[in-house]
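Here's the structure we're looking at; comments come further down.
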Amino acid sequence: MPNYPRDPRAQVLHALKDGRSPSGIYAVKLFASQFSQVAKTVDLPASLPKLRYMRLTRGDLVGQAVSWTRARQSGRFRSTEADQKRPCYDGKAIADSLEKIILENLAWDVWFAKNGLSFLSLTYEELLEHPRTCLERAASLVDAKLVLKPGSDLDSGLDIQRDTINEEWRERFLAEYSDTSNFHANNCRRGFLKKRSSRFSI
């Protein structure tokens, strides 16, 4: 959207005005790091009426880290886009992506828990396996009734991008980083506390 506003307040108004469906339902998708940035200027929960929360996670965190690393290298985050640069394997970049994903998940854990908020939890894997069931649960969350014509196609218009390259990167990453003999709990905790203080003010 070439005219999409950059100002967070204008984006909120855009979601409420132009982002509504004919039934009056709107949605905003945020990563924890994005929420942290927006919260510096906008009280998002107070600005968006009748909020219900849905959380989408992925069980295969290594697979998610591989996909994210590849997308950041290539500049292709959707199947409708073209590669801007040829990606290449980088174990450290995958490890960094994995850590960032875990920290994002942890940030949401803390935010939901300390605010006593309930949410609908869905996984990427569930969405792929049972799209209609997930859609029904999302509709129920916002007190809407899902009406689909018989034989309706739930195709999103997007294709799964992972392929044999992703599998190759996964195998190389696990061969390079896997070590079941060590468990660096203290290092992980120190790293989390350092990153949390600098990135997440929740």
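Numbering (the numbering used here), first residue to last: 113 to 314.
C-beta atoms are modelled at their ideal positions from N, C-alpha and C, and glycine is treated no differently.
Quick caveat: nothing in here was measured; it's all calculated off a predicted structure.
Given residue i as reference, the closest of the options once Cα atoms are compared
| i | options | result |
| --- | --- | --- |
| residue 125 | 143, 158, 188, 152 | 158 |
| residue 134 | 280, 256, 271, 281 | 256 |
| residue 209 | 226, 184, 200, 137 | 184 |
| residue 169 | 283, 240, 149 | 240 |
| residue 136 | 163, 142, 114 | 163 |
| residue 276 | 182, 150, 132 | 182 |
| residue 246 | 263, 167, 194 | 167 |
| residue 364 | 151, 131, 207 | For residue 364 there is no data in the structure shown, the boundaries of the chain being 113 and 314. |
Where the beta strand (DSSP E) containing residue i begins and where it ends
| i | result |
| --- | --- |
| residue 58 | Residue 58 lies beyond the residue range present for the chain, which begins at 113 and ends at 314; the question has no answer from this structure. |
Beta-carbon gap between residue i and residue j smaller than 8 Å
| i | j | result |
| --- | --- | --- |
| residue 258 | residue 248 | yes |
| residue 214 | residue 270 | no |
| residue 118 | residue 153 | no |
| residue 199 | residue 186 | yes |
| residue 160 | residue 147 | no |
| residue 205 | residue 144 | no |
| residue 229 | residue 165 | yes |
| residue 324 | residue 138 | The structure shown does not extend to residue 324, since the chain is modelled only from 113 to 314, so the question has no answer here. |
| residue 216 | residue 171 | no |
| residue 201 | residue 284 | yes |
| residue 58 | residue 266 | Because residue 58 is not part of the residues shown, which for the chain are 113 to 314, the question remains open. |
Cβ distance (whole Å) where residue i is taken to contact residue j below 8 Å
| i | j | result |
| --- | --- | --- |
| residue 273 | residue 191 | 5 Å |
| residue 288 | residue 203 | 5 Å |
| residue 188 | residue 176 | 16 Å between Cβ atoms; not a contact. |
Continuous alpha helix (DSSP H) stretch holding residue i: start and end
| i | result |
| --- | --- |
| residue 253 | 243 to 253 |
| residue 274 | Neither: residue 274 is in no alpha helix (DSSP H) and is coded neither H nor E. |
Report the residue ranges of all alpha helix (DSSP H) runs contained in full by the segment 117 to 203; include only those spanning at least 4 residues, in chain order. Taken in chain order, the complete alpha helix (DSSP H) segments of 4 residues or longer contained in the segment 117 to 203 are 120 to 129, 144 to 150, 156 to 159, 173 to 186.
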